[in-house]
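A short worksheet on the structure shown next.
2 protein chains.
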Amino acid sequence: MDEKAGVWMRLSDTIAQFIKEMLSQDELEIELQRNDLAAYFQCAPSQINYVLSTRFTPDHGYVTESRRGGGGCIRITRLRKTGGEYLRYLLEERIGESIDENAADIVARQLAERQVISVNDANLIRTAISAQTFAIPIPSQLKDALRARIFRNMLLSIAKRDPQED
Amino acid sequence: MDEKAGVWMRLSDTIAQFIKEMLSQDELEIELQRNDLAAYFQCAPSQINYVLSTRFTPDHGYVTESRRGGGGCIRITRLRKTGGEYLRYLLEERIGESIDENAADIVARQLAERQVISVNDANLIRTAISAQTFAIPIPSQLKDALRARIFRNMLLSIAKRDPQED
DNA sequence: TCTCCTGACCTTCTTTGACTATCAAGAGTA
DNA sequence: TACTCTTGATAGTCAAAGAAGGTCAGGAGA
């Protein structure tokens, strides 16, 4: 059953493959229920979180969101392939966990110049992470960390868009 | 996460949708009886209150009034404000110097729903001010203040960009 | 060692029911 | 007639239970 190239796959790999198959048929995103999936594979619900956090991160080209409470669910979105490598480089190398105002502004401009994102989107990012926005008394270390998070998540949000809706 | 009709909605979402459909047919306001609605959906009457208080607040673009006693009823009114008016209200009053994550997210969605800004722009704002972005150890007071600054500046940036309804 | 997997405990959102507050209309009374 | 009083029909509030998903430490394997 769970075989690949003659080797037994791990449960996590089986679940990951299952999810990827659901996402592979033209679907950009799917919604599923953690408990259902866990029941289907007869594993602990937290195993699903493990799979998601190790195999469906932005670095892998996916973004996940979720809702708790009755009727809650998990949504997994596949990022557009276009610029996938570059996006990964940006997130991991350029932005990382912390970036100062100057560097961030330069990167945002470059993104627009290279037409990776639109000028409007770049300007929105620049606004969100601008010195003016951060003109509030908190340690600059925290500012840089927060700036990186904002930048990172906004880029992911853009990458997540359905190309048809551009 | 965005609601998505289709899959499987919670009772509260179904009721909310039902009410919105009643309001969408040119009606600016409707009057209904709590018990009737509860009976129609076979739920506890207080569920109606839950729906109203979580999905029909002024931030959501609605105002509700009610009368108790025999022949009592609940009146739900859809707010009407032009884009410019609404923007001014948001910048000067609603967002102000501080706004929490939940309210900010609702307001950002509302902006798109009223077509004051595009869905993409709304999503970028929502991302920038999301709980995920702010998942960093700083006092929530500071988070709310920073969130307000980001929200305000992004809105201004968008408004400056396309002066469509001024 | 590193990855996988689980279970105990936590947070968030929904649903329900018991109890409370209010109103309108009819009954009773001066 | 005018003024209570009573009663039934509504709606509101709140706390607890229910229904998801999240986190984390630690054991189990490879």
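Chains as they are written, first to last, in the numbering used here: chain A, 264 to 429; chain B, 264 to 429. Glycine residues also receive a C-beta, built at the ideal position from the N, C-alpha and C atoms.
Beta-carbon separation (whole angstroms), residue i vs residue j, contact threshold 8 Å
i                      : j                      : result
residue 414 of chain B : residue 362 of chain B : 7 Å
residue 399 of chain A : residue 389 of chain B : Contact doesn't hold; Cβ gap of about 21 Å is too wide.
residue 378 of chain A : residue 416 of chain B : Between residue 416 of chain B and residue 378 of chain A the Cβ distance is about 24 Å, and since that is not below 8 Å, they are no contact.
residue 320 of chain A : residue 338 of chain A : Rounded, the Cβ-Cβ distance is 15 Å, inconsistent with contact.
residue 364 of chain A : residue 393 of chain A : 7 Å
Beta-bridge pairing of residue i - partner residues as DSSP gives them
i                      : result
residue 294 of chain A : A:338
residue 328 of chain A : A:338
CB of residue i within 8 Å of CB of residue j, strictly
i                      : j                      : result
residue 336 of chain A : residue 294 of chain A : yes
residue 401 of chain A : residue 274 of chain B : no
residue 341 of chain A : residue 286 of chain A : yes
residue 430 of chain A : residue 387 of chain B : A query on residue 430 of chain A cannot be resolved here, the shown segment of chain A reaching from 264 to 429 and no further.
residue 391 of chain B : residue 391 of chain A : yes
residue 407 of chain A : residue 355 of chain A : no
residue 271 of chain B : residue 334 of chain A : yes
Given residue i as reference, the closest of the options once Cα atoms are compared
i                      : options                       : result
residue 300 of chain B : B:288, B:287 and B:280        : B:280
residue 332 of chain B : B:391, B:296, B:360 and B:378 : B:296
residue 422 of chain A : A:392, A:380 and A:387        : A:380
residue 304 of chain B : B:278, B:322, B:338 and B:328 : B:278
residue 382 of chain B : A:284, A:425 and A:276        : A:425
residue 418 of chain B : B:403, B:357 and B:397        : B:357
residue 343 of chain B : B:360, B:324 and B:317        : B:324
residue 298 of chain B : B:317, B:271 and B:310        : B:310
residue 313 of chain B : B:353, B:276 and B:271        : B:276
residue 318 of chain A : A:292, A:288, A:308 and A:283 : A:283
Contact test: residue i Cβ vs the ligand SAH heavy atom, cutoff 7 Å
i                      : result
residue 316 of chain B : This structure lacks the ligand SAH, and indeed carries no ligand of any kind.
Margin query: Pairs of beta-carbons, one from the stretch 372 to 392 of chain B and one from the stretch 339 to 355 of chain B, closer than 8 Å: are there three or more?
Written below: yes
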